[in-house]
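Number of protein chains: 4
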Amino acid sequence: MSSNCAPSATRLRRRSHHAIMGATLELVSEVGYPKLTIEAIAARAGVGKQTVYRWWPSKAAILRDAVVHLCQDATGVTRDIPDTGDLAADLKAVLRAAADTMSHPRYDLPARALAAAGIADATLGAELVSCILEPQLQLYVERLAAARRAGQVAEGIDLRVALELLTGPLAFRWLMGEAPLSHAYTDTLVDLALRGLAPRAA
Amino acid sequence: MSSNCAPSATRLRRRSHHAIMGATLELVSEVGYPKLTIEAIAARAGVGKQTVYRWWPSKAAILRDAVVHLCQDATGVTRDIPDTGDLAADLKAVLRAAADTMSHPRYDLPARALAAAGIADATLGAELVSCILEPQLQLYVERLAAARRAGQVAEGIDLRVALELLTGPLAFRWLMGEAPLSHAYTDTLVDLALRGLAPRAA
Amino acid sequence: MSSNCAPSATRLRRRSHHAIMGATLELVSEVGYPKLTIEAIAARAGVGKQTVYRWWPSKAAILRDAVVHLCQDATGVTRDIPDTGDLAADLKAVLRAAADTMSHPRYDLPARALAAAGIADATLGAELVSCILEPQLQLYVERLAAARRAGQVAEGIDLRVALELLTGPLAFRWLMGEAPLSHAYTDTLVDLALRGLAPRAA
Amino acid sequence: MSSNCAPSATRLRRRSHHAIMGATLELVSEVGYPKLTIEAIAARAGVGKQTVYRWWPSKAAILRDAVVHLCQDATGVTRDIPDTGDLAADLKAVLRAAADTMSHPRYDLPARALAAAGIADATLGAELVSCILEPQLQLYVERLAAARRAGQVAEGIDLRVALELLTGPLAFRWLMGEAPLSHAYTDTLVDLALRGLAPRAA
DNA sequence: GCGTAACCGAGACGGTACGTCCGGTCTTAGT
DNA sequence: ACTAAGACCGGACGTACCGTCTCGGTTACGC
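Residue numbers (this note's numbering), protein chains in the order written: chain Y, 1 to 202; chain F, 1001 to 1202; chain P, 2001 to 2202; chain L, 3001 to 3202.
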């Protein structure tokens, strides 16, 4: 996933690595991404600055790995999408779970900061999309493809667009940070979107 | 729109104000938001640093006003939504225009930087939403309400959610910055969303 | 004395002038010369900055006039030297008075600041010497000349050097600001110096 | 001499330290103390501002160390006072040397600036006196004490006052900066002062 | 006694330097 | 060999004043 850049190496002491990830997540929650400094991360982790610079090229990269680290711990984001045959129920279940995860401060603050950094910096953004976002979205596409084979989705619909009909509004609400990501909201979203995707009632 | 926060004062020289807005837009396009510095803005605008600090509390606030300034010049973002009776056509027209504006570098780079700042900083985010985003979104809600009265949208649908079904995916694609915002895409979006919103073929 | 540079004009409101002088003396006593700012003087005096800049070219010039202003009020510095025929007694009296004046905070702080400015800036220093110091020193030279005519001082002595034998040590002690300027000290100074100046007991 | 306050640390690079001292002396001679800025010192020395601020608390402290640095190089100020038995000759020799040093621009400009700063700021003044001035003056007191034991100076004279009779006028002339510090002047000073100090021709 | 011109307070302006903070590199000691 | 510690150069931060420049408003002088 990020094997090309993450330390994960034999040489970086496991303890230091863990401390840096933890300190980064703590600090970004406390002071926000713009005021997050590498000096503070090193100090909080009880580590020399050079130890940080040796393994990560930038503040954003540290946070990226820290969020990946967090996800691997919690397995709260990347999850398989069930296929019970009932597309609506399956999507509602997985979107409810996603909304809950994104609402939890432990995940919300760092991920939001990381998303902001990715939006501002195209390079980082592409990296985040390919490392974190795309694998997850691909699972949705696959589930929708299965549904189409089952006749639950109209032919001729670009599944990528269909996917965005579901995830776009949720992501948008999350980034806006104004309205809550309630289960009622995600359920409504699934209902409306699936109605749009359904084959003509011909 | 943002009369409560912009300087707009009698005392700030019109020339300086304009120069600061212009320099900000130029610089954010050239070096990006994180490397945008107030010193550089002041220098590029041929203005003392204090003149910037006197009127704006932060880099983000300058950029916010600069973007508002840009919008007022171009009238490219806040635009009325026509009501020809054909909801799909009306929405396609306005979404095409919005996509074009958001694709143009002159608007894209500053707005993306501003959006990123707003996502990272909740206070600024709320301000941006209420100053820039909300007024525009409200126009969509009104157009959808008119359509519902005309029987083109099912009763019992939360128009706010309906709105997000249209704008969420577009905003998401824009923020991801990967796929192009083509007219074909926005048209498809309108078609799928409206199918979801349409009254049951009772 | 400083008629060439002081405002003293008909146009500068008497009240503003007085307020500026007072504010300057207050502030220099409170924060010291280096931290004395023209903005603070204007603010304390309830006067626009331009009113200060209109009449004085520099911080030093304001302080110079303020000290002159202070001296004219107190007549504590420029004073005639009595001639009772007893040179030692006359000098002791006048040196005691000078020491007392220089010890008084009201005079000490501004004058010390002004002296420091004069030492650092040769131009100001020459001005201070010719405007303030020289007239006073000249009185000593005249008294010493009278004493020489009376046979109390040896012929062939440069009266200027003789004068410095008296005033130099006192000024030095004052500038050092360590030892107190006691009457015992000034008396001793007069005794030792006059012994050096006395005609040979041949 | 000032080992308690100078950086002298192991960590401050020798090269940077030397460059800062040199740049300070150059700049204070070029533009004077009031226009001496820490930014300019750092720039001239090819050093980051923080490296200056890390080791010195103020402009005055830098200059103080620079002057001490200068003195140690030149050994032009702190010098022993010879004791040939001829008090007058010894004092004349040492005062001539002191006058020459104080007249030399390389020493005069920085030292004058430092003296001015010390006069304006009591804390710095006390520091300068105890670090630089007092050790030198003490040598004079010791020489005078030896002379008194040899019967060349009257009993009952406060040697501290006697010392000031010599150095006070010289320092005063130097600070006034008007009259030159000629050898004739210092010789006359010694003659007059010693006449005042001599034992009564009983 | 009435215009008008200088002076007033206030404070914004383009600047310079302040002293602090942090970025990213390099050096030093100590495991 | 790799670490924690931290000094190094550079450069932006936000603040304080500099000396200049408009602003209206108020004297007070000359007609």
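Every residue gets a Cβ at the ideal spot worked out from N, C-alpha and C, and that includes glycine. All values derive from a computational prediction rather than experimental measurement.
- Taking C-beta separations shorter than 6 Å and ignoring five residues to either side along the sequence, the partners of A1099 of chain F in its chain run L1181 and T1186, following chain order.
- Those residues of the segment 2100-2120 of chain P placed with their C-beta closer than 9 Å to a C-beta in chain L are R2112, A2113, A2115, A2116, A2117, G2118, I2119 and A2120, ordered along the chain.
- Secondary structure of H1018 of chain F (DSSP, three-state): helix.
- A Cβ-Cβ contact shorter than 8 Å links I2081 of chain P with V2094 of chain P.
- Looking from the CA of H18 of chain Y, the closest CA among Y:V31, Y:L36, Y:K35 and Y:W55 belongs to Y:W55.
- Between E3155 of chain L and C3071 of chain L, the alpha-carbon positions lie close to 35 Å from each other.
- Here R3054 of chain L carries a helix assignment [DSSP, helix/strand/coil].
- Exposure of Y53 of chain Y is indicated by the presence of fewer than 16 other C-beta atoms within 10 angstroms of its C-beta.
- By the Cβ-count criterion, R14 of chain Y is exposed, with fewer than 16 other Cβ atoms from all chains shown falling within 10 Å of its own Cβ.
- Where P1180 of chain F is concerned, there is no enclosing alpha helix (DSSP H), because DSSP gives it neither an H nor an E.
- With contacts defined as CB atoms closer than 8 Å, L3192 of chain L and V2031 of chain P fail to qualify as a contacting pair.
- Against V1129 of chain F, the close residues of chain Y are M176, G177 and E178, in the order they occur along the chain (beta-carbon pairs closer than 9 Å).
- Residue contact with chain F for D158 of chain Y: present (Cβ-Cβ distance below 8 Å to some residue of chain F).
- When rounded, the separation of the alpha-carbon atoms in M2021 of chain P and L2027 of chain P is 10 Å.
- Non-local beta-carbon contacts of K2092 of chain P in its own chain, meaning distances under 7 Å to residues more than five positions away in sequence, involve T2186, D2187 and V2190 in chain order.
- G1032, Y1033 and P1034: these are the residues of the segment 1026-1052 of chain F whose beta carbon lies less than 7 Å from some beta carbon of chain Y, given in chain order.
- For Y3140 of chain L, same chain residues with a beta-carbon under 6 Å away, outside a window of 5 residues either side, are L3163 in chain order.
- A3117 of chain L places its beta carbon less than 8 Å from that of A3060 of chain L.
- Closer than 8 Å to the CB of T188 of chain Y there is at least one CB belonging to chain F.
- In the three-state DSSP reduction, D1100 of chain F falls in the helix class (H, G or I).
- For the pair A3184 of chain L and I2119 of chain P, the CB atoms are not nearer than the 8 Å cut-off.
- Assigned with DSSP and collapsed to three states, Q2152 of chain P falls in coil, not helix or strand.
- In its chain, beyond the 5 residues on either side, I3081, P3082, D3083, T3084 and R3143 have a beta carbon closer than 8 Å to the beta carbon of D3090 of chain L.
- At least one C-beta of chain Y is nearer than 8 Å to the C-beta of Y1185 of chain F.
- C-alpha of C3131 of chain L to C-alpha of P110 of chain Y: approximately 55 Å in a straight line.
- Secondary structure of T3037 of chain L (DSSP, three-state): coil.
- For R3064 of chain L, the three-state secondary structure derived from DSSP is helix.
- With respect to chain L, the C-beta atom of G2151 of chain P has no partner C-beta closer than 8 Å.
- A Cβ of chain P is located within less than 8 Å of the beta carbon of R3173 of chain L.
- Looking from the CA of L2165 of chain P, the closest CA among L:L3194, L:V3153, L:Q3050 and L:G3151 belongs to L:L3194.
- For A1145 of chain F against L1159 of chain F, the beta-carbon gap comes to about 6 Å, under 8 Å, which counts as contact.
- Under the DSSP assignment, T167 of chain Y falls in the alpha helix (DSSP H) whose first and last residues are L159 to M176.
- Excluding five sequence positions before and after V1047 of chain F, the CB atoms of its chain that fall closer than 7 Å to its own CB belong to S1016, A1019 and I1020, given in chain order.
- The C-beta distance from R1064 of chain F to L1133 of chain F rounds to 12 Å, too long to fall under 8 Å, and the pair is not in contact.
- For E2164 of chain P, at least one C-beta of chain L is nearer than 8 Å to its own C-beta.
- Contact with chain P is absent for R3079 of chain L, since none of that chain's Cβ atoms lies less than 8 Å from the residue's Cβ.
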